[in-house]
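Novice:
Residue numbers (the working numbering): 45 to 368.
(1) Which residue marks the beginning of the beta strand (DSSP E) containing residue 178, and which one marks its end?
(2) Check whether the segment 70 to 81 touches the segment 45 to 59, counting contact only when three or more Cβ pairs, one atom from each stretch, lie closer than 8 Å.
(3) Mapping DSSP to helix, strand and coil, what is residue 277?
(4) Considering only residues of the same chain and omitting the five flanking positions on each side of residue 267, which have a CB-CB separation below 6 Å?
(5) At 4 residues or longer, and completely inside the segment 264 to 322: list those alpha helix (DSSP H) runs for me, N to C.
(6) Could you pull out every unbroken beta strand (DSSP E) segment of at least 3 residues lying fully inside the segment 138 to 224, listed in chain order?
(7) For residue 340, which three-state DSSP category applies?
(8) Here's a check: name, in chain order, each residue in its chain whose Cβ is nearer than 7 Å to the Cβ of residue 336, leaving out the five neighbours to either side.
(9) Could you have a look at residue 80 and say whether DSSP puts it in helix, strand or coil?
(10) Less than 7 Å separating the beta-carbons of residue 304 and residue 320?
(11) So, using beta-carbon positions, are residue 151 and residue 171 closer together than 7 Å?
(12) I'd like to know if residue 61 contacts chain D, where contact means its C-beta is closer than 7 Å to some C-beta of that chain.
(13) Could you give the distance in angstroms between the alpha-carbon of residue 89 and the alpha-carbon of residue 61?
(14) Per DSSP, what kind of secondary structure is residue 238 in: helix, strand or coil?
(15) Looking at residue 362: is its Cβ nearer than 7 Å to the Cβ of residue 145?
(16) Skipping 5 residues on each side, what residues in its chain have a beta carbon closer than 6 Å to that of residue 72?
(17) Exposed or buried, which one is residue 92 when buried takes at least 16 other CB atoms within 10 Å?
(18) What does the alpha-carbon distance come out to for the pair residue 15 and residue 66?
(19) I'd like the span of the alpha helix (DSSP H) that includes residue 93, first residue to last.
(20) With H, G and I counted as helix, E and B as strand and the rest as coil, what does DSSP make of residue 122?
(21) Just how far apart, CA to CA, sit residue 249 and residue 75?
(22) Does the pairing of the segment 234 to 242 with the segment 192 to 206 give three or more beta-carbon distances under 8 Å?
(23) Using only alpha-carbon positions, find the residue among 262, 143, 59 that is nearest to residue 111.
(24) Mind the definition here: the segment 161 to 170 touches the segment 217 to 226 only if three or more C-beta pairs lie below 8 Å; say whether that holds.
(25) On the premise that residue 359 lies in contact with residue 159, defined as a C-beta separation below 8 Å, what is that separation, rounded to the nearest angstrom?
(26) So residue 59 and residue 187 are in contact, right, with Cβ under 8 Å, and what is the actual spacing, rounded?
(27) Strictly by DSSP, which residues pair up with residue 52?
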């Protein structure tokens, strides 16, 4: 049995995707017999079931992060650190590795940070320079167990239920999109399911998210990790990247035929959005093809594969030097 240390935060400013996928990876690690401790600056947004299941530790703003991580790594005899920052801090990661701590970085925004293993979260794998181990592509998308092996869906001739979720962030643009979708669904006589963080500001449970995605005929989503959940649910989606870091995933979404993407606040985007919305409602063949493409590429087992890979490479505790 190995003990792994996770470092991840979440909240309205950065969304909840980091927490959701680290939750899925923690579950997969524990199912293969390992233990998990979790260091975070945002304990208030960690769901209660996670707080009860794992060793959640608070990292305060006045703490030296490298010291805090290394201290906890020594305490639990960690085999490796799994870091899922919004932007990986290269100097911090370098300090941790110099002290002897093995580091796995999750995500695509790792910048100049150098790690022992990179686990990219892309729909289309990409060749990268460097000798570090890398996992990439749809087979390693980290998703909770609720999203494993969901069967293909049958597309209705005319859609009657749409789900909208634009992440955990808040902005005037997001409010505008919600208002426009509300008007379009009323005009088309559709049922609208709005998925936002609950009244406590925490993400919904994976089971609830899966159930609501599977109940919809199509979705309006931002370009975050909710797209991965939609793909696992075979849900055709119109992707609206809200922030620049979501643009790449949105382009991949359309390239793979999983739906369409549209960048808000570009010239005439409202008219284009209205046309695309109508297409998703009326074109059952388009929705059927998108669903079939997702079924072929995303099986929801990425967390299991990543957990197995991490354990295979680092089954034993890291030998740490003195504190930095």
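Glycine included, every Cβ here is placed at the ideal spot set by N, Cα and C.
Specialist: Judging by the given coordinates:
(1) In the chain shown, residue 178 corresponds to position 134, counting from 1. 177 to 179 is the extent of the beta strand (DSSP E) around residue 178.
(2) yes
(3) By 1-based counting over the chain shown, the position of residue 277 is 233. Reduced to three states, the DSSP call for residue 277 is coil.
(4) The residue labelled residue 267 in the question sits at position 223 within the chain shown. Closer than 6 Å at Cβ, skipping near neighbours: 283, 285, 290, 293, 294.
(5) 270 to 276, 291 to 299
(6) 147 to 150, 161 to 163, 177 to 179, 205 to 209
(7) Here residue 340 refers to the residue found at position 296 when the chain shown is read from its first residue. Three-state result, residue 340: helix.
(8) Here residue 336 refers to the residue found at position 292 of the chain shown. Result list for residue 336: 196, in chain order.
(9) Within the chain shown, the letter at position 36 stands for residue 80. Looking at residue 80 - three-state DSSP - the assignment turns out to be strand.
(10) For the purposes of this step, residue 304 is taken as residue 260 along the chain shown, with counting starting at 1. For the purposes of this step, residue 320 is taken as residue 276 along the chain shown, with counting starting at 1. A contact, by the Cβ cut-off of 7 Å.
(11) As a working note, residue 151 is residue 107 in the chain shown. As a working note, residue 171 is residue 127 in the chain shown. Taking 7 Å as the Cβ cut-off, residue 151 and residue 171 do not qualify as a contacting pair.
(12) No chain D appears in the structure shown, which is made up of a single protein chain.
(13) Within the chain shown, numbered from 1, the residue matching residue 89 stands at position 45. Within the chain shown, numbered from 1, the residue matching residue 61 stands at position 17. Rounded to the nearest angstrom, the two C-alpha atoms are 12 Å apart.
(14) Here residue 238 is taken as the residue at index 194 of the chain shown, counted from 1. In the structure shown, residue 238 sits in a strand (DSSP, three-state: E or B).
(15) Residue numbering aside, residue 362 sits at position 318 when the chain shown is read from its first letter. Residue numbering aside, residue 145 sits at position 101 when the chain shown is read from its first letter. A contact, by the Cβ cut-off of 7 Å.
(16) As a first step, residue 72 is located in the chain shown; it is residue number 28 there, counting from the start. Cβ within range, chain order: 347, 348, 351.
(17) Taking the first residue of the chain shown as position 1, residue 92 is located at position 48. Residue 92 should be labelled exposed.
(18) The structure shown has nothing for residue 15, since the chain only spans 45 to 368.
(19) What you label residue 93 is simply residue 49 of the chain shown in a count that begins at 1. Looking at the DSSP string, the run of the alpha helix (DSSP H) that includes residue 93 is 92 to 97.
(20) For this step, residue 122 is matched to residue 78 along the chain shown. Residue 122: coil per DSSP, three-state reduction.
(21) Counting from one through the chain shown, the residue named residue 249 turns up at place 205. Counting from one through the chain shown, the residue named residue 75 turns up at place 31. So the two alpha carbons sit approximately 18 Å from each other.
(22) yes
(23) Numbered from 1 along the chain shown, position 67 holds the residue referred to as residue 111. Checking every option, the nearest Cα to that of residue 111 belongs to 143.
(24) no
(25) Position 115 of the chain shown, counted from the first residue, corresponds to residue 159. Position 315 of the chain shown, counted from the first residue, corresponds to residue 359. 18 Å between Cβ atoms; not a contact.
(26) Residue mapping note: residue 59 aligns to position 15 of the chain shown, counting from 1. Residue mapping note: residue 187 aligns to position 143 of the chain shown, counting from 1. The Cβ separation is near 16 Å, so there is no contact.
(27) Position 8 of the chain shown, counted from the first residue, corresponds to residue 52. According to DSSP, which records beta bridges pairwise, residue 52 is partnered with 128.
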